[in-house]
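Protein chains in written order, with my numbering: chain A, 80 to 570; chain B, 80 to 570.
For glycine and all other residues, C-beta sits at the position ideal for the given N, C-alpha and C.
Step one of this worksheet: look at the structure below.
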């Protein structure tokens with residue numbers, strides 16, 4: 080992506096003037112509403128006399144065409160019927176917009192002749208003009224700081240640090256919502272749709288070069304320029320964590336992907352090899368994506384594989400050990416020093432398998448819990464500390480002591496800050512599912528990694544360990560031919 | 080298990096008189112409270128003068144020993160320190176109790192000499208007397224109809240039809256709670272603990288012979304008599320579904336299991352072979368256990384593998400296809416007849432991959448949704464119907480039409496009753512996690528199978544299909560040598 084394109088995308092993400100073309104009452108003026116709180120002047124372009132009164136009532140100025148909008152337009156949202164789309168994109172090019180985002184669908188993804196032809200026309204037009212077209216068939220752009228959104232339901236505000244790009248509008252939109260529920264702050268989320276102009280490689284490079292973006296996630300169905308994407312991934316993943324969630328992994332999914340965004344989803348083995356070689360992080364679901372980001376943002380980096388675990392009961396000790404064992408992590412005995420400290424405070428430690436600590440009767444207070452965590456963290460046999468928080472069980476006990484869940488969360492936060500070892504909480508089932516949801520949101524909001532199950536925690540920790548190990552190997556130059564090639568090319 | 084033992088267990092589950100021995104204030108009289116609402120006379124046996132006043136205050140009669148309790152005692156809960164346990168079990172034998180459940184822990188699971196000796200003594204005593212000892216190191220018995228419980232937090236009432244047995248007290252107790260949150264009705268749940276007297280094979284046979292038990296689940300860490308267990312499983316699994324959740328699958332988990340209930344967790348490959356041969360259902364987590372029971376109890380039986388799917392958006396279409404594809408299920412094109420019906424009502428069907436139906440703009444009303452489901456169900460290319468319910472998305476749309484989630488659930492229930500094909504709902508993420516939890520509970524309570532994610536739904540459906548296919552093969556006598564052996568032996 081050349082400097083002009085990049086500067087224009089920056090204008091679109093940080094606009095002075097936003098124009099929404101073709102918004103309608105039937106969809107409740109979704110696009111005007113999605114950007115009405117943006118730090119920008121928002122205007123409407125609409126020629127349908129039935130739609131204009133509603134738009135004016137909402138307080139927006141309306142113009143008959145982009146050319147009539149006074150001043151420079153930085154970001155154009157296009158929601159017109161598909162046959163009209165090329166003309167509006169042409170207008171956006173002519174007025175020198177930073178980018179146009181094309182919500183309209185019905186292009187190559189339909190497989191229909193008219194759709195394919197229209198997409199070809201858009202592709203040629205934008206390539207010739209060196210113009211940034213987002214989509215088509217997309218939910219446009221999100222930037223938390225300037226308040227442009229994929230949907231009016233999304234959070235906006237300061238402090239975002241995650242970049243996300245997605246072939247799916249649903250996932251681009253929901254990423255922002257779910258990230259906030261998980262205590263994470265998205266900065267930019269891009270619904271790429273069919274990605275005919277700004278493609279996967281471009282977006283990756285763009286997010287990679289954004290100094291405010293600390294980590295990058297993507298939902299990707301396919302890419303038209305695999306070589307370009309691979310080069311961008313190799314470059315960016317060496318600088319910041321990239322989490323890749325690939326849709327269309329199976330024959331069934333690939334067929335759906337083709338009709339969703341018109342991408343041919345290539346063999347998952349190729350993607351896997353690329354992810355491995357570049358040191359990116361692979362996930363398979365949105366839940367796993369969230370877990371990976373929580374581990375990246377809230378847990379200190381690690382390369383060891385020895386777990387120190389606090390479990391609520393004996394039955395849970397077995398399951399949590401299985402979960403970590405299945406992912407190739409170990410649950411070693413602790414040192415004798417630790418047992419000497421724990422013996423008087425953990426009822427069953429004398430006779431029990433000595434890690435996980437099965438604390439059933441022993442977690443008598445928050446201070447007692449903190450002692451156990453401190454002992455695990457100080458032990459030279461552990462690399463990573465996790466605790467199971469069985470919400471119903473603990474909260475009843477805390478209540479009797481006049482304490483609340485917030486006191487427990489404070490303790491977890493303080494413990495996390497006191498140790499160099501990565502720390503995570505596994506918040507397990509509860510009769511009161513709503514209370515559990517509340518606990519998860521609260522603890523995540525304090526910046527403590529919280530996982531919904533033993534298996535989810537084990538998988539995320541295994542993946543993050545692979546990531547840090549690979550990054551260390553890549554940094555040491557020990558990772559095979561491509562690394563040498565790049566080094567040769569660059570230096 | 081001989082007829083006497085069985086009759087005695089029946090007495091314990093349907094007691095006239097329950098005696099709780101050694102309950103204490105420090106644990107908030109947990110055992111007396113857990114059975115205070117049982118359909119039985121509940122008495123206390125306690126000799127500690129400091130504890131007796133609290134017990135009398137709660138309105139229980141107290142006796143100095145089991146022998147002093149008037150009339151026949153059917154079920155004894157023992158919560159005394161471990162050195163005293165053998166004497167109390169001896170008393171229970173002497174008064175002719177139906178069973179004693181030994182909450183007390185600290186036996187062979189500790190690996191300590193005293194614990195091992197005490198367990199040996201208990202084993203010998205109960206074997207000689209042909210006496211039913213539940214545990215030790217357990218959370219005792221639950222029976223919804225008579226109101227005996229593992230914990231006062233558990234639901235009791237009529238209508239239960241699931242039997243559960245568990246080496247873990249946590250899982251025995253939480254199974255009942257979680258089952259109710261999933262719309263399922265547990266009948267009997269047994270915390271087996273170290274299972275030295277009534278063992279895994281006995282319990283399985285007992286639940287298998289209970290005519291009110293329609294399906295059986297178990298959390299099992301190991302069994303001392305593998306041959307007996309295998310025989311019981313082979314027999315029972317041929318008559319009713321048995322879901323097996325094995326703890327101690329890995330080296331890490333097996334070590335934890337040994338110190339939890341003193342069972343040696345044998346090679347998972349052996350368990351897998353046994354599960355496959357007997358036509359039981361394997362699960363690996365409590366979530367999977369719940370999903371298996373929902374599919375068993377709420378979905379009609381099936382052996383086909385062709386999915387008919389309604390997804391909310393294009394991005395979700397790809398993911399749901401991947402999820403089912405990964406589990407080896409297919410997502411075929413529908414018949415032309417279906418497309419002729421769907422074309423006018425599903426906006427994108429003309430150009431889209433034609434299953435899953437991507438209904439983004441098309442799910443305009445509950446009636447429209449019902450039409451889509453009816454069309455999928457009537458299609459000769461489908462065997463199983465699922466719909467994604469994206470709660471936040473749908474509920475906003477329903478609200479504008481003056482409808483609620485309950486109306487949608489009604490429609491799902493009516494559709495389910497109208498078709499012979501199995502039906503499931505996948506309730507996906509929502510900004511409001513508490514509302515999502517409420518929806519899940521509500522729809523499950525109506526007897527509609529609801530799964531928390533595409534992958535969970537696909538896994539459960541794949542497993543249930545394997546189950547029904549295997550059962551059909553076993554019934555046809557085509558399942559290899561052991562079946563023939565059994566047939567030879569039996570007929």
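- Interface residue (Cβ-Cβ distance to chain B less than 8 Å): residue 273 of chain A is not classified as such.
- Cβ proximity to chain B below 7 Å picks out 232, 247, 248, 249, 250 and 253 from the region 221–255 of chain A.
- With three or more CB-CB distances shorter than 8 Å, the region 140–155 of chain B counts as touching the region 82–96 of chain B.
- Within its own chain, the residues whose Cβ lies closer than 6 Å to the Cβ of residue 120 of chain A, once the five positions on either side in sequence are excluded, are 96, listed in chain order.
- At a cut-off of 8 Å between C-beta atoms, residue 362 of chain A does not count as an interface residue with respect to chain B.
- Along the region 125–158 of chain A, none of the residues has a CB nearer than 9 Å to a CB of chain B.
- Taking 8 Å as the cut-off between beta carbons, the residues of the region 307–329 of chain B near chain A are 326, 327, 328 and 329, in sequence order.
- Setting aside the 5 residues that flank it on each side, residue 382 of chain A is surrounded in the same chain by 544, 547, 548 and 551, each with a C-beta closer than 7 Å to its C-beta; the list follows chain order.
- A straight line joining the alpha-carbon of residue 229 of chain B with that of residue 113 of chain B spans about 7 Å.
- For residue 305 of chain B, no beta strand (DSSP E) encloses it; the enclosing alpha helix (DSSP H) starts and ends at 305–316.
- For residue 507 of chain B, the enclosing beta strand (DSSP E) has its first and last residue at 502–507.
- In the three-state reduction of the DSSP assignment, residue 241 of chain A falls in the strand class.
- Using a Cβ-Cβ cut-off of 8 Å, residue 257 of chain A counts as an interface residue toward chain B, since at least one Cβ of chain B sits closer than that to its own.
- The residue from A:145, A:500 and A:460 with its alpha-carbon nearest to that of residue 415 of chain A is A:460.
- Put simply, the backbone Cα of residue 535 of chain B is about 28 Å away from that of residue 279 of chain B.
- Residue contact check for residue 403 of chain A against chain B: a CB pair falls below 8 Å.
- An exposed status is given to residue 199 of chain B, since fewer than 16 other beta-carbon atoms sit within 10 Å of its beta-carbon.
- Rounded to the nearest whole angstrom, the C-alpha separation of residue 297 of chain A and residue 259 of chain B is 38 Å.
- Check the Cα spacing between residue 106 of chain A and each of A:182, A:163 and A:270: the tightest is with A:182.
- The Cβ atoms of residue 211 of chain B and residue 276 of chain B sit closer than 8 Å to each other.
- Runs of the beta strand (DSSP E) spanning 3 or more residues and lying entirely within the region 198–282 of chain B occur at 220–222, 241–245 and 265–270, in chain order.
- Residue nearest to residue 188 of chain B within the set B:334, B:82 and B:227 is B:334 (criterion: CA-CA distance).
- Beta-bridge analysis with DSSP links residue 181 of chain B to B:157.
- When A:506, A:452, A:337 and A:450 are compared, the shortest CA-CA separation from residue 472 of chain A is found for A:506.
- Along the region 386–400 of chain A, going in chain order, the ones with a CB nearer than 9 Å to a CB of chain B are 386, 390, 391, 392, 393, 394, 395, 396, 397, 398, 399 and 400.
- Judged by their CB atoms, residue 378 of chain B and residue 403 of chain B are not nearer to each other than the 8 Å cut-off.
- Here the alpha carbons of residue 422 of chain A and residue 433 of chain A stand approximately 10 Å from one another.
- Judged by beta-carbon spacing, residue 394 of chain B lies within the 8 Å limit of residue 250 of chain A, meaning their Cβ atoms are closer than that value.
- Here residue 358 of chain A is actually not in contact with residue 311 of chain A; their C-beta atoms are around 14 Å apart, not less than 8 Å.
- The C-beta distance from residue 444 of chain A to residue 480 of chain A rounds to 6 Å, short enough to fall under 8 Å.
- Residue 391 of chain B sits buried, since 16 or more C-beta atoms from the chains shown fall within 10 Å of its C-beta.
- Taking 8 Å as the cut-off, the Cβ atoms of residue 137 of chain A and residue 108 of chain A count as close.
- Taken atom to atom, the span from the alpha-carbon of residue 134 of chain B to that of residue 163 of chain B is near 20 Å.
- When beta bridges are read from the DSSP output, residue 131 of chain A appears opposite no residue.
- The three-state secondary structure of residue 396 of chain A, taken from DSSP, is helix.
- Contact with chain B is absent for residue 278 of chain A, since none of that chain's Cβ atoms lies less than 8 Å from the residue's Cβ.
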